[in-house]
Amino acid sequence: MKLVIFGATGATGQCLVELALAQGHDVTAFARNPLALTEHEHLSIVRGDMFRPASVEAAVANQDAVLCAIGGHDRLRVALSKQPRQKALCTVGTSNILDAMKQYSLSRLICLSAWGGWGEQRAIPFLLQAYHPSLADERGV
Ligand SMILES: NC(=O)c1ccc[n+]([C@@H]2O[C@H](COP(=O)([O-])OP(=O)(O)OC[C@H]3O[C@@H](n4cnc5c(N)ncnc54)[C@H](OP(=O)(O)O)[C@@H]3O)[C@@H](O)[C@H]2O)c1
Numbered sequence: 001m002k003l004v005i006f007g008a009t010g011a012t013g014q015c016l017v018e019l020a021l022a023q024g025h026d027v028t029a030f031a032r033n034p035l036a037l038t039e040h041e042h043l044s045i046v047r048g049d050m051f052r053p054a055s056v057e058a059a060v061a062n063q064d065a066v067l068c069a070i071g072g073h074d075r076l077r078v079a080l081s082k083q084p085r086q087k088a089l090c091t092v093g094t095s096n097i098l099d100a101m102k103q104y105s106l107s108r109l110i111c112l113s114a115w116g117g118w119g120e121q122r123a124i125p126f127l128l129q130a131y132h133p134s135l136a137d138e139r140g141v
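In structure tokens:
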């Protein structure tokens, strides 16, 4: 199959890329920094950003399925990286993926979240909400 993987340079995404290539799939990795990926004959790289719909659309074109493991907005990690937190990364990023999938009549999506995509905010323990406000964003997935 032809797979596009969003978040391909992350902890989960790198495992997905490795496993997909090992299983003989043609993989397109979507990355802000293509240099973070190791070359492979069945690996194509699309440079882009989840907040730029045109780059997301370019990666989704001509694929059979989409895997999404974007993230990195955990409060502790953001503090350590000294990068500004990306507000609503999962909500905006996943929405851009879905728009692109509709455009190419694609229906296969596997999307990793940190909490169930259902339910109410109150189902999330209070302390976890305080530590990880982005859970509200991830519920948008
Ligand atoms: N790891 C866990 O134990 C765990 C458990 C449960 C759920 N989750 C959830 O699973 C998801 C992935 O977790 P992870 O640990 O694999 O995360 P991660 O290592 O931080 O990787 C996040 C990925 O998202 C990419 N990304 C971030 N912002 C982007 C943007 N604006 N445009 C394009 N790509 C962007 C990162 O690219 P860069 O390399 O350019 O930063 C990276 O490839 C998260 O939503 C997380 O909450 C993780």
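Note that the working numbering has the sequence shown beginning at 1, numbered continuously upward. Ideal placement from N, C-alpha and C gives every residue a C-beta, glycine not left out. If you're wondering where the values come from, they're calculated on a predicted model, not measured in any experiment.
Residue span of the beta strand (DSSP E) that contains residue i, given as start and end
| i | result |
| --- | --- |
| R47 | 43-47 |
| T28 | 26-31 |
| A36 | It is not in any beta strand (DSSP E) - A36 carries neither H nor E in the DSSP assignment. |
| L106 | Careful: L106 lies outside any beta strand (DSSP E) and carries neither H nor E. |
| L3 | 2-6 |
Span of the alpha helix (DSSP H) around residue i
| i | result |
| --- | --- |
| K102 | 89-103 |
| I19 | The sequence shown places Leu at residue 19, rather than the Ile named in the question. Segment 11-22, the alpha helix (DSSP H) holding L19. |
| A79 | 75-81 |
| A69 | Run containing A69: none; DSSP gives neither H nor E here. |
| A147 | Since the displayed the chain opens at 1 and closes at 141, residue 147 lies outside it and no answer follows. |
Sub-7 Å separation of residue i and residue j beta-carbons
| i | j | result |
| --- | --- | --- |
| A69 | L112 | yes |
| T12 | A36 | no |
| H25 | L43 | no |
| F51 | F30 | no |
| R77 | D49 | no |
| V56 | A100 | yes |
Residue i burial status per 10 Å Cβ neighbour count (16 or more: buried)
| i | result |
| --- | --- |
| A61 | exposed |
| T28 | buried |
| L106 | buried |
| I97 | buried |
| C90 | buried |
| A20 | buried |
| M1 | exposed |
| Q86 | buried |
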